[in-house]
Each structure stands twice: as structure tokens, then as C-alpha cells.
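Chemist:
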Ligand SMILES: [Zn+2]
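Protein chains in written order, with the numbering used here: chain A, 1 to 199; chain B, 200 to 418.
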């Protein structure tokens, strides 16, 4: 996988997706169709968000699936005024941190025994390899040295491309807190990258 | 604008999320404060955040499987919540256990309500006790009065007074009305569990059909 070392910029999906409001309009007459559009629009963003927190493709896949299963059962999902995107990222973020916390509690040992995804194993391994390599260098490596709080907000803003307002909704904090936390996180990041540079 | 405030606004300042007045205030401060100016410069010079570059083929395989797996999971979440035999193992099993957390929480909430009701019942019992005490005291007073009356008039009215102030009087005062409340947990349990079924769509929808028709990817 020679191409694995080249990096892509954030807007990965060239695919044009309908707006969340348009999806809600569709869902009003056909909920399954609306749900389908929602999954196609957000599945990769949710998966990658989870991947960057869990650092484990299979777990990220599992979390992303779980987010949408919950979404399917969420009766307000397509309601007017329901913050669908923020809801998806919030559920995803919380799930991921639960997983990371449980993993730390078990002393860092990944619980693989309960899983038996056969077909996708090769794909998961390929992605884990790229991920592991990336974590040893540059921005990803620096991000690892930040607190989870700082890492999450940077991820939501500059990786998931969420607006300040959306981040406030995801993390359930005030807009002013988003601004200050984001600022402090970026200042911290410059410091960490500075430390990382060979003297 | 002071250094601390600038430090809290660097990100929105660089991202263009501040209004003009705030931008001008920060710009003013940066002209006078080298420390903040350096910090802002460093933050603005941060490299772009990049997404891990996955082989497009691997990625498309992953997301093709994503929809199939999701359809299966949704189908399972609709079908197997109250059916242990159908409950799948592995990742699905984990999922369903997670799904069950909501009813468990609700049952816990109902248990709490029942406990509160139980507390209320106990309070009622306490009140009945108090009333019984009060009635006994009243009886004692009546007894005393009766003795005094008998002493004064020496009338043979013992049987009449004894019947009116008998020991069984307190027992008919209040029956604890809440005793039927103990039926609540069972009722709560049965109504809570199938809630997600009601949220799900009618039979034969696209996601369910996709799940039932597609080959199994995850076992
Ligand atoms: Zn300053």
C-alpha cells in the first residue's frame, strides 16, 4: 500500500449530499428514504470521527453502526428543529469515550474475543496500519499529546468541519466556551508541535 | 482587550467567527503586545488537519458493507429484543445488550417510584399509628370521665360505655390505600420493554427488507 503515506485534505467526500433540511422533508413522506440519505451523508464522517478517537477501525465501524441504529430508533431524528447532525456526533463521541475508558480500565488490552467480523477483517487491518503509521508523525502524533477535551474539540472543528454552533450543540457547552476551549487547544497544539521539533 | 481575553479568542479570530468590533479590538491589542502577536502567528501557522488516507478501494468496500451490516443490525434490533432465541451473538449481542440499557433504566426509574410509594405507605401506617395512639388517649380520658361519672352518679351504665369505646375502634379508622401499588413493577416491566418496537416502522420497509434479503456479513 504505497499510497497509504500520502495524505488527503479534510473534505474527503466529493459526493454531493442533500442538506439536512432537505433530508427531513424527504423523511416526512418516506422515513426510510430519508434515513438512507442520512446514512449515506454521514456514515464516513461518523466512522472517521470514531476512528480518530478509538484508533481502531473495527471498533470505529461498530460505533458508527451503533450510532445509526440508535438514530433509526430515535423518533425525533427528522423533527423540525432537531439538531440531527449534532445528535449523531454527540452519540458517536460519547460512545467512543466510553469504549476508550473501558479499554483503559482493562489495562489497555483490546477485547477482541467477542468479535467475529470475518469479511471486513482485511479492510480493518489495512486501515489500522495506516492509522498506526500516521500516529507516529506530524499532527496526529501531536494531537495524541493533548487532553481528550482539547483533542475532541479540535477534531469536531477542523476534522469534522462542524460550525462553532454545532460544536456547542454536540458538547452541550456555550458558544463562548467553544471559542475559548478551541483557542486554548490550538495554543497547546502549537506548543506540543514546538516540543516535538528536533532541536 | 487584555492578553487573557485574546487568548480565549484566538481560534474564532483566525477562523473569522468574530464580529468586526472584536476583531478590531484584538488587532489593536496585537499591535501593542508582542507575546499575543507571536501566539496568534504560531496558531495561524498550524498545518491543516488531514484525514488518514485510506486506499479508496478499501474504503468503498468498507462502506458498501456498512449499509448491509447496518440493515442487519436494525432488523435485529427490531426483531430480537424480546426473543432470546433470535438474539444474535458477537457484536450484535453487544448491541442488543446496549439496546436493553434503556428499558433497564426505565425499570430502575419505576422501581424508584415504587420505593417512593412504599415510603408513602409506611408514612400512612405511621399516621394510622398516631391516630390509634390519639384514639387510645381519648379512650383513656373517656374511661377516666366514665369512672368519675360512675363515682358521681353510681349509675349501672358500664356495658353501654364499654361497647362504645371498645378496643376495636381504631382498626376501622384507615386502611392503607397504597397496598395495591406493589403491582407496579410487573406492570412497568411489561409496558417498557417493547417500546422500541413502537418506534420502528411498519413491516416491509426498505431497511428491514434490505436486512432480510442481503447475505450475512457479520455473524
Ligand atoms: Zn497580549
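Glycine included, every Cβ here is placed at the ideal spot set by N, Cα and C.
Tell me the DSSP secondary structure of residue 249 of chain B in three-state form.
Modeler: Residue state, collapsed to three classes: strand.
Chemist: Just to make sure I have the definition right: I need the residues of chain B whose C-beta is within less than 8 Å of the C-beta of residue 134 of chain A. Which are they?
Modeler: 251
Chemist: CB-CB under 8 Å to residue 240 of chain B, same chain, minus the five flanking residues each way: which ones, in chain order?
Modeler: none
Chemist: Starting from residue 44 of chain A, trace the alpha helix (DSSP H) in both directions and tell me its first and last residue.
Modeler: 31-54
Chemist: How would you call residue 57 of chain A, buried or exposed, if buried means at least 16 neighbouring beta carbons within 10 angstroms?
Modeler: buried
Chemist: Against chain B, which members of the region 24-52 of chain A pass a CB distance test of less than 9 Å?
Modeler: 30, 31, 32, 33, 35, 36, 39, 40, 43, 44, 47, 48, 51, 52
Chemist: Whose C-beta lies closer than 7 Å to the C-beta of residue 165 of chain A among residues of the same chain, with five residues either side of it excluded?
Modeler: 175
Chemist: Any residues whose CB sits closer than 6 Å to a heavy atom of ligand 1? List them in chain order?
Modeler: B/202, B/205, B/228, B/232, B/234, B/235
Chemist: Between residue 159 of chain A and residue 248 of chain B, which are expected to be in contact by the criterion C-beta below 8 Å, what is the C-beta distance as a whole number of angstroms?
Modeler: 5 Å between Cβ atoms; contact.
Chemist: Would the beta-carbon of residue 190 of chain A fall within 8 Å of that of residue 242 of chain B?
Modeler: For residue 190 of chain A and residue 242 of chain B, yes; Cβs fall inside 8 Å.
Chemist: Which chain B residues sit within Cβ distance under 9 Å of residue 147 of chain A?
Modeler: Those do not exist, as residue 147 of chain A stays about 16 Å from chain B at its closest Cβ, beyond 9 Å.
Chemist: Using the three-state DSSP reduction, which class does residue 244 of chain B fall into: helix, strand or coil?
Modeler: Of the three classes helix, strand and coil, the one that applies to residue 244 of chain B here is coil, per DSSP.
Chemist: At a Cβ threshold of 8 Å, is residue 121 of chain A touching chain B?
Modeler: no
Chemist: Whole angstroms are fine: how far does the CA of residue 235 of chain B sit from the CA of residue 476 of chain B?
Modeler: For chain B, the structure presents residues 200 to 418; residue 476 of chain B sits outside this window and is missing.
Chemist: Which residues of chain A have a Cβ atom closer than 9 Å to the Cβ of residue 206 of chain B, listed in chain order?
Modeler: 180, 183, 184, 187
Chemist: Within 8 Å of any Cβ in chain A, is that where the Cβ of residue 326 of chain B sits?
Modeler: No, because no Cβ of chain A sits closer than 8 Å to the Cβ of residue 326 of chain B.
Chemist: Name the residue from A/179, A/192, A/124, A/157 whose alpha carbon lies nearest to the alpha carbon of residue 138 of chain A.
Modeler: A/192
Chemist: Run the CB neighbour count on residue 62 of chain A, radius 10 Å, all protein chains shown included, and call it buried at 16 or more, exposed below.
Modeler: buried
Chemist: Which whole-angstrom value is the C-beta distance of residue 273 of chain B and residue 42 of chain A, which I expect to be below 8 Å?
Modeler: Not a contact, Cβ separation roughly 15 Å.
Chemist: Using only the alpha-carbon positions, how far apart do residue 130 of chain A and residue 246 of chain B sit?
Modeler: 20 Å
Chemist: Tell me which residue opens and which closes the alpha helix (DSSP H) that residue 256 of chain B is part of.
Modeler: 255-278
Chemist: Grouping DSSP H, G and I as helix and E and B as strand, with all else coil, what is residue 119 of chain A?
Modeler: Coil, per DSSP.
Chemist: Along the region 151-167 of chain A, what residues have a CB closer than 7 Å to any CB found in chain B?
Modeler: 158, 159, 164
Chemist: Between the region 118-128 of chain A and the region 81-88 of chain A, are three or more C-beta pairs nearer than 8 Å?
Modeler: The region 118-128 of chain A, when compared against the region 81-88 of chain A, does not touch it at the 8 Å Cβ threshold.
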